[in-house]
Amino acid sequence: MRDFASSVAAIVIAVMPLSSNASSRFVRVQTPQPDTLAIDESSIRKSDDVITFTYVLDVPAVAEGVSVPAGVKSNEVEMAIDCGRNTYSLLRIIAHTGPGATGNIATSYVVPAHERQIEAIPSKSTFAYLAAHVCGTQSK
Numbered sequence: 484m485r486d487f488a489s490s491v492a493a494i495v496i497a498v499m500p501l502s503s504n505a506s507s508r509f510v511r512v513q514t515p516q517p518d519t520l521a522i523d524e525s526s527i528r529k530s531d532d533v534i535t536f537t538y539v540l541d542v543p544a545v546a547e548g549v550s551v552p553a554g555v556k557s558n559e560v561e562m563a564i565d566c567g568r569n570t571y572s573l574l575r576i577i578a579h580t581g582p583g584a585t586g587n588i589a590t591s592y593v594v595p596a597h598e599r600q601i602e603a604i605p606s607k608s609t610f611a612y613l614a615a616h617v618c619g620t621q622s623k
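Each residue of the sequence shown is one higher than the last, beginning at 484 in my numbering.
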């Protein structure tokens, strides 16, 4: 676990000012869900088995008390995946009011190092599809 945390810390320091910008190169990740999931391939950084990257997940925007979506919002997330251990850790989360990390920033949170949780990647989850993409991409 200490190796994972050290690798994540080294990568985060190296790429701290990451955000969606003109240099972003989003590639869609195939999932069985209808929500759009894409990885910014220009954000991928590798240290041993740990890969840090940014992804965007578009989800229906449902107003409180209403069952019909009123559009699409998105979450932009920076995370680390340990391909060897099949674990993940969230580093930064930004909620956008529009799809594809557009619109206003509704909220954002950088997870402090002492609060980061290293969790097993559940099968058939968003994290599993992301891991299949980045770990497969990096192993070629």
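Cβ atoms here follow ideal geometry from the backbone N, Cα and C, with glycine treated the same way.
Cys618 has its alpha-carbon roughly 12 Å from the corresponding atom of Tyr571. Between Asp518 and Gly583, the beta carbon gap of about 12 Å keeps them out of contact (Cβ cut-off 8 Å).
Setting aside the 5 residues that flank it on each side, Asn587 is surrounded in the same chain by Thr580, each with a C-beta closer than 6 Å to its C-beta; the list follows chain order.
Apart from the 5 residues on each side of it in sequence, Val510 sits with its Cβ closer than 7 Å to the Cβ of Ala521, Ile522 and Glu524 in its chain, given in chain order.
Within the same chain, Ala544 and Ala546 come within 6 Å of Ala553 by CB-CB distance, once the 5 residues on both sides are set aside.
Val593 sits in a strand when the DSSP states are folded into three classes.
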